[in-house]
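Visitor:
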């Protein structure tokens with residue numbers, strides 16, 4: 001793979017073109033079996049494009065925006081989220097096109113997110129423990145497990161975080 005052809009972007013979801021919103025939706029649909037991807041106008045989408053095709057993306061929420069969503073959903077507690085406090089980003093919906101997996105694109109994307117957000121204190125995410133590729137990706141990028149919990153289906157979910165500063 002020629003990494004020189006990759007184009008990186010970071011943009012609020014509301015500012016994405018309809019073409020790339022559709023590409024993002026398709027990438028997420030192929031990657032996840034979820035009823036919703038929780039894409040809000042203020043969600044920050046970071047991604048990699050090659051030949052005008054979105055091949056990898058990660059969704060980010062600032063801590064205060066995450067709190068607003070939890071409150072709107074009548075979940076005022078940070079149960080299952082990092083307890084480190086303000087000034088961080090929540091990472092979710094990390095996806096890589098099937099044709100580009102195992103080429104370190106997830107790692108590249110997370111490292112670019114870190115490099116772009118050096119003014120923030122930490123990143124955090126939730127990962128199903130049985131999702132070995134995601135679990136290993138976050139470990140490679142310096143994340144550590146803060147806590148483990150069970151979801152409603154009795155799956156073990158790890159709350160993971162890493163300091164940026």
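In my numbering, the protein residues as written are 1 to 165.
Cβ coordinates follow ideal geometry from the N, Cα and C atoms, glycine included.
Remember, it's a predicted structure, so these values are computed and weren't measured experimentally.
#1: Leaving aside the five residues before and after residue 156 along the sequence, list all residues of the same chain whose C-beta is less than 8 Å from its C-beta, in chain order.
#2: Can you confirm whether the region 68-75 touches the region 113-126 when touching is taken to mean that 3 or more C-beta pairs between the two stretches lie within less than 8 Å?
#3: On a CA-only basis, which of 8, 46, 137, 163 is nearest residue 102? Give me that one, please.
#4: List the residues that DSSP assigns as beta-bridge partners of residue 46.
#5: Return the first residue and the last residue of the alpha helix (DSSP H) that residue 89 is part of.
#6: So, for residue 135: in the same chain, excluding its five sequence neighbours on each side, which residues have a beta-carbon less than 6 Å away from its beta-carbon?
#7: Just checking my contact of residue 24 with residue 54 at CB under 8 Å: how many whole Å lie between their CB atoms?
#8: Leaving out the 5 sequence neighbours to the left and right, which residues in its chain are closer than 6 Å to residue 112 when beta-carbon positions are compared?
#9: Which residues in the same chain have their Cβ closer than 6 Å to the Cβ of residue 165, if we skip the five residues on either side of it in sequence?
#10: Classify residue 162 as helix, strand or coil using the three-state DSSP reduction.
#11: What is the rounded straight-line gap between the Cα of residue 40 and the Cα of residue 27?
#12: Can you tell which of 99, 159, 115 has its C-alpha closest to the C-alpha of residue 1?
#13: When you compare only the Cα positions, how much space is there between residue 18 and residue 93?
#14: First and last residue of the beta strand (DSSP E) that includes residue 3?
#15: For the alpha helix (DSSP H) containing residue 22, list its first residue and its last residue.
#16: Do residue 144 and residue 115 have their CB atoms nearer than 8 Å?
Guide: Looking at the coordinates:
#1: 128, 129, 130, 148, 149, 150
#2: no
#3: It is 137 whose Cα lies nearest to the Cα of residue 102.
#4: 10, 58
#5: Looking at the DSSP string, residue 89 is not in any alpha helix (DSSP H); the run it does join, the beta strand (DSSP E), is 88-96.
#6: 127
#7: 6 Å
#8: 8
#9: 121
#10: Looking at residue 162 - three-state DSSP - the assignment turns out to be strand.
#11: 17 Å
#12: 99
#13: 19 Å
#14: Taken as a continuous stretch (DSSP letters only), residue 3 belongs to no beta strand (DSSP E), as it is neither H nor E.
#15: Boundaries of the alpha helix (DSSP H) around residue 22: 18-31.
#16: no
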